[in-house]
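The sequence shown begins at 141 in our numbering and counts up by one.
Everything below concerns the one structure shown next.
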Amino acid sequence: MKEEKKATRQSYGEALAELGRKNKDIVVLDADLAGATKTSIFAKEFPERFFDIGIAEADMIGTAAGMTTCGKIPYASTFAVFAAGRAYDQIRNSVCYPKLNVKICATHSGITVGEDGATHQMIEDISLMRTLPNITVMSVSDDIQTKWAVEEISKIKGPVYLRLGRLATPMIYDETQKFEIEKAIQIGEGTDATVFATGVTVSEALKAKEELEKQGINIRVVDIHTIKPIDRETIIRCAKETKKLISIEDHSIIGGLGSAIAEVLTEEYPAKLTRLGIKDTFGKSGKAEDLMKYFGITSQDIIKEMQNGTL
């Protein structure tokens, strides 16, 4: 990983503008948060294709759905708590049920929203979105991956939920990295454990990997950027090849990445999975880094799990 850090919401704004230059059918909608979601970058360059719907998230999703029937490819953005929560009914009935080509790009997800507190810390969105039929659910981990995802989802004919963060995180990948929807990225060949991670926790898993190597413990990190459809093949292979399985996520352990992995394991290759995440509680107000420690989703929590004698 590089020392340089960048928030995936910033990468999203930059990628939107680049995509807008390539494809005139791209339109962007926001719910009075363009400065925070970084859709303002697109709005500045393409004001005629940007629509600020105001504090009316349900209306934003319904408007985006209507635009798809006219051949447009709408990217609808707001905070995750409003996108997946307040507009759930419209996503379900106006987008997923008719399988319309709306890209819902939600920033400020998880507890790493920080000081905004429990009311704005959306830790249920993956669970809500992945239970809906017809939708692709993604959670990106760094600048390069985000920019790839923003363009790649424009090629999918159907609903997409793209999860983005507020917190600046390390650069993980370089321009040579190849990505594919549904295909997880395995980093390392360690057999002592597999750590499945997504979003902001991928860099934490990589930090743990580096530290554990100094202790003679070799793990592999699997970046699951596409949570639905999930990479079943990689999950099963890692379960067969490694002694221990851990998932880590900035999300509730109920219905999130860990649950998705557990579902695959119970059906295909029963194995114990330790889930690190938010354990059936709401978030709290505080600095993002402090909250990650409080809720046990840091590199040190992975290290502790590896050192607790369960190998």
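Glycine is no exception: its CB is placed at the ideal position from the N, C-alpha and C atoms.
Remember, it's a predicted structure, so these values are computed and weren't measured experimentally.
I believe residue i touches residue j by the beta-carbon criterion, under 8 Å. Please report the beta-carbon distance rounded to the nearest angstrom.
i	j	result
Lys380	Ala333	Not really, about 13 Å apart at Cβ, beyond 8 Å.
Ala308	Lys145	4 Å
Ile359	Lys349	5 Å
Asp165	Ile213	5 Å
Tyr434	Lys424	7 Å
Ile263	Glu351	That belief does not hold up - the Cβ atoms of Ile263 and Glu351 are roughly 26 Å apart, past 8 Å.
Asp371	Ala324	4 Å
His391	Gly250	6 Å
Considering only DSSP beta bridges, list what residue i is partnered with.
i	result
Ala289	Answer is none; Ala289 lacks a bridge partner.
Ala246	Thr218, Arg303
Phe190	Val168
Leu385	Thr334
Asp363	Ile325, Ala337
Ala227	Answer is none; Ala227 lacks a bridge partner.
Lys368	Val277
Ser392	Ile418
Met262	Ser249
Lys145	Pro310
Ile213	Ile166
Glu320	Lys323
Find out if the Cβ-Cβ distance for the pair residue i, residue j is shorter than 9 Å.
i	j	result
Lys239	Leu302	no
Ser217	Ala223	yes
Leu405	Ile364	no
Val300	Val335	no
Ile313	Thr247	The question names Ile, but residue 313 is Tyr in the sequence shown. No.
Gly305	Val277	no
Phe191	Leu169	yes
Glu322	Lys427	no
Asp420	Ile394	yes
Thr252	Tyr215	no
Arg232	Glu197	no
Asn241	Lys162	no
Gln447	Thr374	no
Phe422	Ala258	yes
Figure out for me which residue from the options has the closest Cα to the Cα of residue i.
i	options	result
Gly436	Lys178, Ile386, Pro410	Ile386
Val235	Arg149, Met207, Asp420, Glu264	Met207
Val280	Val342, Arg232, Thr177	Val342
Ala155	Glu291, Tyr434, Glu389	Glu291
Thr128	Glu429, Leu304, Trp288	In this structure the chain extends from 141 to 451, so residue 128 is not present and cannot be described.
Leu173	Val167, Lys164, Gly194, Pro187	Gly194
Ile376	Ala400, Asp390, Ile357, His391	Ala400
Ile181	Glu320, Gly160, Ala204, Asp199	Gly160
Lys142	Asn448, Glu445, Leu346	Leu346
Tyr228	Val253, Arg189, Asn241, Thr271	Thr271
Gly417	Ala411, Ser425, Thr438, Glu408	Thr438
Gly330	Val167, Ala324, Glu353, Ala402	Glu353
Glu389	Ile266, Ile357, Ile293, Phe422	Ile266
Ile284	Lys295, Met446, Arg149	Arg149
Cys378	Lys412, Phe319, Thr259, Gln355	Lys412
Glu320	Ile357, Ala147, Thr286, Pro310	Thr286
Ala171	Asp282, Ala157, Gly250, Ala204	Ala204
Gln83	Thr209, Gln440, Met432	Given a span of 141 to 451 for the chain in the structure shown, any question on residue 83 remains unanswerable.
Leu268	Asp282, Gln230, Ser294, Lys295	Gln230
Gln452	Glu344, Ile357, Glu407	Outside the modelled stretch of the chain, which goes from 141 to 451, sits residue 452, for which no answer is possible.
Thr366	Ile293, Arg415, Pro310, Met311	Ile293
Met311	Arg415, Asp282, Ile357	Asp282
Ala157	Ala183, Ala147, Gln355	Ala183
So the alpha helix (DSSP H) residue i belongs to, where does it begin and stop?
i	result
Glu344	341-354
Glu407	397-408
Met200	197-208
Leu156	148-162
Asp441	439-447
Lys184	180-185
Ile376	372-381
Ser279	Counting along the chain, Ser279 falls outside any alpha helix (DSSP H), though it belongs to the beta strand (DSSP E) covering 276-279.
Ala428	428-434
Arg270	265-270
So residue i is in the beta strand (DSSP E); what residue range does that whole segment cover?
i	result
Ala411	Taken as a continuous stretch (DSSP letters only), Ala411 belongs to no beta strand (DSSP E), as it is neither H nor E.
Gln326	325-327
Ala337	333-337
Thr177	Segment 174-177 is the alpha helix (DSSP H) holding Thr177; no beta strand (DSSP E) there.
Ala308	308-310
Using a beta-carbon distance below 9 Å, is residue i in contact with chain B?
i	result
Ser279	Of the protein chains in the structure, only one exists, and it is not chain B.
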